[in-house]
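Peer 1: Residue numbers (the working numbering), protein chains in the order written: chain A, 22 to 134; chain B, 22 to 132.
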Amino acid sequence: DTGVSQDPRHKITKRGQNVTFRCDPISEHNRLYWYRQTLGQGPEFLTYFQNEAQLEKSRLLSDRFSAERPKGSFSTLEIQRTEQGDSAMYLCASSPPEAEKLFFGSGTQLSVL
Amino acid sequence: DAKTTQPPSMDCAEGRAANLPCNHSTISGNEYVYWYRQIHSQGPQYIIHGLKNNETNEMASLIITEDRKSSTLILPHATLRDTAVYYCIVRGGGNAGKSTFGDGTTLTVKP
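Printed below as a string of structure tokens:
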């Protein structure tokens, strides 16, 4: 068990650019979640996968955001045409089939200039 | 998910017990109480959860009142490394993932 891995840890980009983040969940965890956290706030749910199926998306996930989980393993979160308001920590979490608790990665800190 | 209310901040002396309260007066019968904590620059870490009975593990104890409208997380011997934001979450069983975290309680353990 190597934990949930997220890459990169930090990303600085210019407004209007596209960015992609990767999350590798704990192996055999079939559920994967993306959260967003801004300074001083708790994490906010963005989207959730069970295996390769994206089962739920928050209204926070605008059309510029897309998430995938091909083959039910790693996941990517892409933000197109970034805006300064997208600056946040993007957290990934996974959970086992019994889904009692979440295991979080260390997050990707995005700064949009 | 039921709404939770936590104090924004608390202090605790190192070596003493830290008691973190959480109010969840609208909790329904099938909803669990979860606690996570987040140390600066890291992702949240699961601590403990319970339905109606008190629970204890290697990290903490969870005391849930008989009417289930409030709970207390107890760190029996707080250390400086326990300084973190502590989140109390209430949600139904079966899918603990889509959780509403709120703003939590910032616990500062002082030497």
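The beta-carbon is built from N, C-alpha and C at its ideal position, and this holds for glycine as well.
Report yes if the CB atom of Gly-36(B) is closer than 9 Å to the CB atom of Thr-100(B), and no otherwise.
Peer 2: It is a contact, given that the beta carbons lie within the stated cut-off.
Peer 1: Give me the chain B residues within the contact set of Phe-125(A), using Cβ-Cβ distance strictly less than 9 Å, ordered along the chain.
Peer 2: Near Phe-125(A) (Cβ distances below 9 Å), the residues of chain B are Tyr-57, Gln-59, Gln-63, Gly-64, Pro-65, Gln-66 and Tyr-67.
Peer 1: Using a Cβ cut-off of 7 Å, pull out every chain A residue sitting near Tyr-108(B), in sequence order please.
Peer 2: Chain A residues near Tyr-108(B): Gly-63.
Peer 1: Determine the extent of the beta strand (DSSP E) in which Asn-44(B) is found, giving its start and end residues.
Peer 2: Start and end: 39 to 44.
Peer 1: Please list, in chain order, the chain A residues whose beta carbon lies closer than 7 Å to that of Gly-123(B).
Peer 2: Per Cβ cutoff of 7 Å: Gly-63.
Peer 1: Just the Cα atoms here: how many angstroms apart are Ser-83(A) and Met-110(A)?
Peer 2: The straight-line gap from Cα to Cα measures roughly 17 Å.
Peer 1: From what residue to what residue does the beta strand (DSSP E) around Met-110(A) run?
Peer 2: Where Met-110(A) is concerned, the enclosing beta strand (DSSP E) stretches over 109 to 116.
Peer 1: Per DSSP, what kind of secondary structure is Arg-90(A) in: helix, strand or coil?
Peer 2: Coil, per DSSP.
Peer 1: Determine contact between the segment 42 to 56 of chain B and the segment 106 to 115 of chain B, defined as no fewer than three beta-carbon pairs at a distance below 8 Å.
Peer 2: Touching, per the Cβ criterion.
Peer 1: By Cβ distance, which residues of its chain are closer than 8 Å to Phe-122(B), with the 5 residues on each side in sequence left out?
Peer 2: So the list reads Tyr-57, Pro-65, Tyr-108 and Ile-110, once near-sequence residues are dropped.
Peer 1: Based on Cα-Cα distance, which residue from Phe-95(A), His-50(A), Arg-52(A) and Asn-72(A) lies nearest to Phe-42(A)?
Peer 2: The residue with the shortest Cα to Cα distance from Phe-42(A) is Phe-95(A).
Peer 1: Any idea which residues DSSP pairs Ile-68(B) with across the strands?
Peer 2: DSSP lists no partner for Ile-68(B).
Peer 1: With 8 Å as the limit, tell me which residues of the segment 29 to 49 of chain A have their beta carbon closer than that to any beta carbon of chain B; keep them in chain order.
Peer 2: Under the 8 Å Cβ criterion, the segment 29 to 49 of chain A contributes no residue.
Peer 1: Assign Leu-72(B) to one of two classes, buried (16 or more other C-beta atoms within 10 Å of its C-beta) or exposed (fewer than that).
Peer 2: Result: exposed.
Peer 1: Give the straight-line distance between the Cα atoms of Leu-112(A) and Cys-33(B), rounded to the nearest whole angstrom.
Peer 2: Near 29 Å, if we compare the C-alpha coordinates of Cys-33(B) and Leu-112(A).
Peer 1: When you compare each of Leu-60(A), Ala-88(A), Cys-44(A) and Glu-104(A) to Gly-37(A) by their alpha carbons, which one comes out closest?
Peer 2: Selected option, being the one with the closest Cα: Glu-104(A).
Peer 1: Enumerate in chain order the residues of its own chain whose CB-to-CB distance from Leu-96(B) is below 7 Å, with the five nearest sequence positions on each side excluded.
Peer 2: Here the set comprises Ala-38, Ala-39, Ala-81 and Asp-103.
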